[in-house]
Each structure stands twice: as C-alpha cells, then as structure tokens.
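J.: Mapping the sequence shown onto the numbering used here, position 6 (from 1) lands on 15, and the numbers just tick up by one. Idealized CB from N, CA, C, for every residue including glycine. Just so you know, these numbers come straight off a predicted model, no measurement behind them.
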Amino acid sequence: MSVPVGVAAGHEATVDAGRVVLEAGGGAVDAAVAMMLVSCAAETIFTGLAGGGFATVYEAATRTVTCVDFFVAVPGLGDRTAGPGTAIEITFVGQRVPYEIGPATVAVPGVPAGALHLWSRWGRLPWADVVAPGLAASYGTPFPATHAELLPRVTPAMCVSDGDLVYRRADGSLLQAGDLLRHPDHHHAYELLAHDPRGFYRGDYADALLDVLEEGSALSQADLDAYAVVESPPATARFDAFDVHARGDDLDDVLGTLQAAGTAVAADPHHDLGSALGLVEALRAPDRRAETTNLVAVDERGDACVITTSLGLGSGVWVPGFGVHLNSMLGEGELIRAALDPGARMGSMMSPLVALDAEGRLAAAAGAAGGSRIRPALVQTLLRVLRGTPPQEAVDAPRLNALPDLVRLEPGFDDAVLHGLEAAGVPVAVAHGLDPYFGGVSALSPLGAGSDPRRSGHVWLRPHGLRSAPARPAL
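In structure tokens form, the structure reads like this:
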C-alpha cells in the first residue's frame, strides 16, 4: 500500500496551497514550498520569511533521501558589532522564561534561499505559480483559535513596533480567532520573491533590512552574501522493520530517542505501565521553548517533502516597506549550547523525517513543531504510525512530556498507569485537555494523513482517480 497524495499542515490556508499546487501538476516539493511560503504569512506566530528551517526530501524513483538545511546563520562576518538585546519575559506553562528581542537577536535568515533551492532542485511548476499562494495569503488569512490562545503569552515579543499593527484590533485589543491577520506591506515581500528571490540577500529588501538593523546588530552585507543552503545525506535509525531518515544533528537526538523508545515501548503506554515507564525514560529532558511550524506533502509519483520552519518568538524588528518580522534566534538562549562563530549555523531541535520499508518505499513522512516538545511529539506519533495506527488517530492520541522532575500528561492515560508512575517515584501533572504545549505533528502514511488539533491542523487527500499533468518550471 502506498502513501496517498496529500498534504498536512498547521493552517487551513497552508493546506489549501498544497492542494492547489498538487492539483495543478506540481510535485511534493512544489507543494511543500508553496505551503511554507503561505505559512510565513498565515502562521506568523510561529514562522516567517525572515526565519529558517530544514527539509527532508524523498525521491520515489531512486528511493533516496536528501536533507536540506536552510536554518539561520550566526552574523558577524562584516565590520558591524552587536549591542545588547532587550530582555523580556514570557510566561510558559506557569513559568516565567527570559528572552531577548531587538536587533542584536536577529540571525541571518534562510527561508527565501531555502525556498528557491528546493524549487530549483526538485520543482516542476513555474516559480511564480509556487509563490502565488503565499502572495494571496499576504493580503490576509483568518487567525486560528490556537494562535489567538497563544498570543497573550507572547505579546512582549509580538506586539512591538509593527506588531501592534498586525496583532491588535483597531480598538487596541488582541486579535481573536477568525480575525484577519495581515501586514499592509507584506505583499511587497512576496512580489519581490516572485520576480527576484535573490533580492532578499542583495538589493532594496536587503538594504532595508540592514538599515533597520544598523544600530545594535552584527548582521551585515557580508553575512547575506555568505549565506548558502546546505544539502546532506540523512542519518538513519532502525525502528522495527523500518529505516527512519532525518538530518541527525538536531539538538535533542530524535533518531536516537526513537530507536530507544522502539525497544522500551512494547505496548500502548496509555494502558501499560511498563511501556509508560520506558517512554518516560526515553524522553526525559529539560523543557526548552521555541516556536515552529511543520508541513508534509506527498505527490502522485510517491515523492515526499517534509519542512519545519521557525522565526523564534520574533525580534520585534520589522523590515520597512516589506512587512517582514525578523527572527530572534540569537535571543533564544536555550538554543545556544555552543560557541556562536560568525557564519556558522545555529543549533535547532527541528527534525523533519521519512520512514522507509525494507524495499526503500515510503512508509511515513512526518515532522513536528514545538521546541523541546518536537522530540516527544514526533516519537510518540511515529511509535503508533509505524505500528499500524492511522496518522490522524496517532496524532490525536494523548501525549506525555517527561521533564527531569515531572511528567506532564494529557488526559487519556489509565488511572493505573498514572498511579503506577507515581508509585515508581515519577510525579505527574495531567493537563485539562489536548494542549499546544505538547507539540504539533503533521504526518502521512499509507493509512492517510494527520495534522495536530493542538495547533489548528488541517489535511487534504486527493480523491482516488484524479490525475494531473506535470508542468515544467521557469523563472
């Protein structure tokens, strides 16, 4: 059984872009790039054109997997010197977490270069057709309920400078679910992307970016000139009868955790104490906050593309005339675990992946959003998907997150499991319901598609029998 043609993502507009591109004859990468660009307009709490990310691409004809790194880079190759960031505090799961925003926190963006690289390498449709859904989204999309619930927690980062224009109503109150999310100048960035995607690194946009960062940022034209997308072969972990492929150098070792969990979890941890304890042991790690979004696309050839992107919380600095919110990656202290050498990539927890069967055929394509909850969300979902659970059912299943001194769980674990965990010296805290805190997963498998209700997820699967003729790319 093959994986169906379809898409899954964290916003209805993002999914609709994937549908339109696939129905027009685009491939999985065309669809995924179009979806990523829409997410940069529709999911701006999590991502944006000035962010960065990773992609994992599976080619069915050759049964090969390629990882693509277009994450943010550390600035400082030129003659500019960074000043101090502006400290803010965000309340996260009842804890106050320090962050910094401002020009000093802006890293070299990767999304425009990543989009162009992916399309140049694997695209089938004309570039303008791939950008078109993002341009349409830049004029406004409905603000999802989960974003409206999160916005009050991240207001110190979002509602700064132009953020007040974007995330507040005319009366000054914060956007609510269903309100139109837009920046009046954002379409200029998408128009530039359509006719000159390299203009984000040299030209009017780059000049405007550097001008707004002139005071306090180390980012210079030398950093923009040096930025390059990086391709690499994947790392691989064995899980049951499958080989799972991902970039392998994520900060939280998703592949290693999946392999360990596969051995430790023999039954359903919702009902089996031994499996629950094994899952806790495999997943235990500190909480780290980072905002991300994920999407998945599979086309009629069986090719797949999974992309995860992030803006951080956002720096509060916007590019004049283009409505682009700059990233705050250098202010995300929990991501900085090594020296920040100019030109080097920053570390990330993102890990888009694919699983292949013994014959090298696609068995699952999945990724997750949510900082340190990427790993537990993705591992728990894959445990189910690769053992025969339909993706939506696997995504919807209650999750746990194992911290060093506490296990947070969603409702749905048996009382016997909860009592057993506590008897084993594992304190537990049960959430009121499914919660964005536990991450957001998008996944496709031969049994369908799934996208996370915790993040307002949506899916689309092509009806059986529908075919589209491929088009050739042009720029």
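1) Specify the secondary structure class of PRO329 as computed by DSSP and reduced to three states.
2) Can you tell me whether VAL29 is helix, strand or coil according to DSSP?
3) Please classify HIS280 as buried or exposed, where buried requires at least 16 other C-beta atoms within 10 Å of its C-beta.
4) Secondary structure at PHE152, three-state DSSP: helix, strand or coil?
5) Please classify MET10 as buried or exposed, where buried requires at least 16 neighbouring CB atoms within 10 angstroms.
6) Under 8 Å, do LEU304 and MET44 count as touching if we go by C-beta distance?
7) Answer with buried or exposed for ALA276, where buried requires no fewer than 16 other C-beta atoms within 10 angstroms of its C-beta.
8) Starting from ALA373, trace the beta strand (DSSP E) in both directions and tell me its first and last residue.
9) Span of the alpha helix (DSSP H) holding ALA37?
10) Tell me whether LEU125 is buried or exposed, calling it buried when 16 or more other Cβ atoms sit within 10 Å of its Cβ.
11) State the beta-bridge partners of LEU427 as determined by DSSP.
12) Is it right to say GLU98 is buried, meaning 16 or more other beta carbons lie within 10 angstroms of its own, or is it exposed?
13) Using the three-state DSSP reduction, which class does VAL81 fall into: helix, strand or coil?
14) Tell me whether TYR189 is buried or exposed, calling it buried when 16 or more other Cβ atoms sit within 10 Å of its Cβ.
15) Given a cut-off of 8 Å, decide if GLY321 and MET338 are closer than it, judged by their beta-carbon atoms.
16) Within the continuous alpha helix (DSSP H) that includes ARG130, where are the two ends?
17) Does the beta-carbon distance from PHE331 to ASP194 come in below 8 Å?
18) Ends of the alpha helix (DSSP H) at THR272?
19) In whole angstroms, give me the CA-to-CA distance for GLY271 and LEU365.
20) When the Cα atoms are used, what is the spatial distance from GLY94 to ALA353?
21) Does DSSP put ALA478 in a helix, in a strand, or in coil?
22) Kindly indicate which residue of GLY340, ARG408 and LEU412 has the alpha-carbon position closest to the one of PRO107.
23) By the 10 Å Cβ neighbour count, where 16 or more other Cβ atoms means buried, how is GLU240 classified, buried or exposed?
24) In or out: GLN185 buried (at least 16 other Cβ within 10 Å) or exposed?
25) Is it a yes or a no for the region 40 to 59 touching the region 195 to 206, going by three-plus beta-carbon pairs under 8 Å?
26) Tell me PRO420's beta-bridge partners as DSSP assigns them.
27) Nearest to PRO206 by alpha carbon, out of PRO121, LEU412 and PRO243?
28) Is it buried or exposed for HIS196, if we count other Cβ within 10 angstroms and need 16 for buried?
29) Less than 8 Å between the CB atoms is what I'm expecting for ALA291 and THR390, so what's the real figure, rounded?
30) Just to confirm, is the Cβ distance from LEU134 to ASP39 under 8 Å?
31) Per the contact definition of three or more C-beta pairs closer than 8 Å, is the region 442 to 451 in contact with the region 378 to 396?
32) So, for ALA438: in the same chain, excluding its five sequence neighbours on each side, which residues have a beta-carbon less than 8 Å away from its beta-carbon?
33) Please list, in chain order, all residues of the same chain as ALA26 whose beta carbon is under 7 Å from its beta carbon, the five residues on each side excluded.
34) How long is the line joining the alpha carbons of GLY225 and TYR214, rounded to whole angstroms?
T.: Concretely, from the data shown:
1) coil
2) Under the three-state reduction of DSSP, VAL29 is assigned to helix.
3) Counting every other CB atom within 10 Å of its CB across the protein chains shown gives HIS280 a total below 16, marking it as exposed.
4) coil
5) exposed
6) yes
7) exposed
8) For ALA373, the enclosing beta strand (DSSP E) covers residues 371 to 378.
9) 37 to 51
10) buried
11) Bridge partners of LEU427: none, in fact.
12) exposed
13) Collapsing the DSSP output to three states places VAL81 in coil.
14) Here the sequence assigns Leu to residue 189, which means Tyr is not the residue at that position. Exposed: under 16 other Cβ atoms inside 10 Å.
15) yes
16) Unbroken alpha helix (DSSP H) run through ARG130: 120 to 131.
17) A contact, by the Cβ cut-off of 8 Å.
18) 263 to 273
19) 16 Å
20) 20 Å
21) Bear in mind that a pLDDT of 36 at ALA478, under 50, signals an unreliable position, so the number given afterwards is only what the model happens to contain. If DSSP states are grouped into helix, strand and coil, ALA478 belongs with coil.
22) GLY340
23) A residue is called buried when at least 16 other Cβ atoms come within 10 angstroms of its Cβ; GLU240 does not meet this threshold and is exposed.
24) exposed
25) yes
26) PHE422
27) PRO121
28) buried
29) Contact between ALA291 and THR390 is ruled out by a C-beta separation of about 14 Å, above the 8 Å threshold.
30) yes
31) Three or more beta-carbon pairs drawn from the region 378 to 396 and the region 442 to 451 are found closer than 8 Å, and the two stretches are therefore classed as touching.
32) Contacts found: LEU415, VAL416, ARG417 and LEU418.
33) ALA43, MET44, VAL47 and PRO142
34) Taking C-alpha positions only, GLY225 is separated from TYR214 by approximately 19 Å.
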